[in-house]
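The structure appears below as structure tokens.
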Amino acid sequence: MEKNQSPICGLKREDFQKEINGRKTDLFILTNSDGMEVAITNYGGALVAIMVPDRDGHMANVIQGHDSIDGCINSPEPFLSTLVGRYGNRICKGRFTMNGKEYHLAVNNGPNHLHGGPTGFHARVWDAEQIDQQTLVLRYVSAYYEEGFPGELSMTVRYSLSDDNELIIEYNGKTNKKTVVNMTSHGFFSLAGIANPTPTIENLICEINADFYVPIDETSIPTGEILKVKGTPFDFTTPHAIGDQIDADDEQIKNGAGYDHCFVLNKHEPGELTFAAKVTEPVSGRTMEVYTTEPGVQFYTDNWADGYEGQHGATFPRRSAVCFEAQHFPDSPNHPYFPSVMLHPGEVYSQKTIYKFGTDK
């Protein structure tokens, strides 16, 4: 974007500038040749605008966020479209054992640990470097025992906006002591465009490339099973509306208050970049495809929002967003047969996830 050009999202850089514990927050705008725009703040790496056209070329913001740094800091949804770490999703009772030692984490979601804790990566000011108009790099060093996690973890997250309307998020991390890592981006996507009120996502047509999912108990912790989606409300192997069975008389649906489950993505080999999911918003025609190297994607239908206010007076009612959080499975440190989340010194944690936007004509 040209220096003096105002972003089409209507966000103001000065509204995102603040000093927190000696670190400065700011707003960064990525643009591509197609006119798409992504706005990111280095406070928690939050996505605060993704401007994409509908089938008639009308632009709208399709991600939930706030229009000021104070809004981000004080959000009723602390993980609203932020980066999540050191460990995304839940760890049972905030405990895990490694090398014979038990580690204790914050309990911030019922009886369990969620998303790296109250002062996790979503609530940190990252060092930011905008490489060019299509690339932003964020860096953060998580101190030894920050939020109870062992090892000092150095994390780099690169956001790239391609000319094919892909938002590419790449993660790289290194540690000086054995630790657990499960990063994700918790984008709350509203493909109809945010509004007052933002429309429900129940009419979105959804496809998820997963023959299996991870069932949960009533506190949203995996039971340890891996179950087939076939014949259940979790079968999105063929596209259908999210709302079709979102309130089904099903124990798993009740445990999640809707969809809040990790799907086991179909892969030929671990770590390959493959198609994970697609949603189509039938009124606007907007589509979003998800590709990831991760073994799972947490599919969350925003079951707990209460209509709180976001950018430019938009409001976010229950089930007005859909999340596809690419990640390893919840509570993996306590399930040795789940794909490992351990990171050792000398190894590199890496993940790549792509959100590709388009329209169906």
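Following our numbering, the numbering of the sequence shown begins with 435 at its first residue and continues without gaps.
All C-beta atoms, glycine included, are put in the ideal place defined by N, C-alpha and C.
The beta carbon of A494 sits closer than 6 Å to those of G627, all from its chain and outside the five residues before and after it, given in chain order. Within a 10 Å sphere around the beta-carbon of D694 sit 16 or more other beta-carbons, which makes this residue buried.
Counting only the Cα atoms, A540 lies some 9 Å from K527. Taking 3 residues as the shortest admissible run, the segment 717-758 contains the following complete beta strand (DSSP E) segments, listed from N- to C-terminal end: 720-726 and 730-734. Membership of E448 in any alpha helix (DSSP H) is not indicated, and neither H nor E is assigned to it by DSSP.
For I639, the uninterrupted beta strand (DSSP E) run begins and ends at I639 to I642, by DSSP. In the DSSP assignment, K688 falls within the alpha helix (DSSP H) that extends over E685 to G690. H556 carries a helical assignment under DSSP once its states are collapsed to helix, strand and coil. Judged by DSSP in its simplified three-state form, E471 adopts strand. In the three-state reduction of the DSSP assignment, D566 falls in the strand class, which pools E and B. Within the segment 470-535, the complete beta strand (DSSP E) runs of at least 3 residues fall at 471-475, 481-487, 493-495 and 529-532.
Cβ atoms of Q761 and G780 stay farther apart than 8 Å, at about 23 Å. Listed as beta-bridge partners of H538 by DSSP are R529. A Cβ-Cβ separation of about 14 Å leaves G554 out of contact with V591 under the 8 Å criterion. The alpha-carbon separation between S766 and Y521 amounts to approximately 10 Å.
Shown here for V717: same chain residues with a beta carbon closer than 7 Å to its own, the five before and five after excluded, namely A626 in chain order. Annotation: the continuous beta strand (DSSP E) that includes A710 extends over T708 to T714.
Here L587 is not near G479, since their CB atoms are 8 Å or more apart. The C-beta of A577 has fewer than 16 other C-beta atoms within 10 Å across all chains shown, which makes the residue exposed. Spatial neighbours of R457 in its own chain (CB-CB distance under 6 Å, excluding positions within 5 residues in sequence) are listed in chain order as V559. Residue environment: I503 is assigned as buried (16 or more neighbouring CB atoms within 10 Å of its CB, all protein chains considered). The beta carbon of V775 lies closer than 7 Å to those of V614, V615, N616, H762, S766 and P767 in the same chain, with the five residues before and after it left out. Membership of Q785 in the beta strand (DSSP E) is indicated by the continuous run Y783 to T793. Exclusion of the five residues before and after P773 leaves P729 and H762 as the residues of its chain whose Cβ lies within less than 6 Å of its Cβ. Taking the CA atoms as reference points, N737 sits about 17 Å from G744.
The residue from V648, L699 and N637 with its alpha-carbon nearest to that of I680 is N637. For the pair L570 and D501, the CB atoms are not nearer than the 8 Å cut-off.
Between F462 and G534, the alpha-carbon positions lie close to 44 Å from each other. Per DSSP, F646 is one residue of the beta strand (DSSP E) stretching across F646 to V648. Beta-carbon to beta-carbon, I639 and A682 are separated by about 18 Å, too far to satisfy the 8 Å threshold. For S766, the three-state secondary structure derived from DSSP is helix. Here the segment 602-612 does not lie against the segment 650-670, with fewer than 3 beta-carbon pairs under 8 Å apart. Per DSSP, M589 is one residue of the beta strand (DSSP E) stretching across L587 to L595.
Here I602 carries a strand assignment [DSSP, helix/strand/coil].
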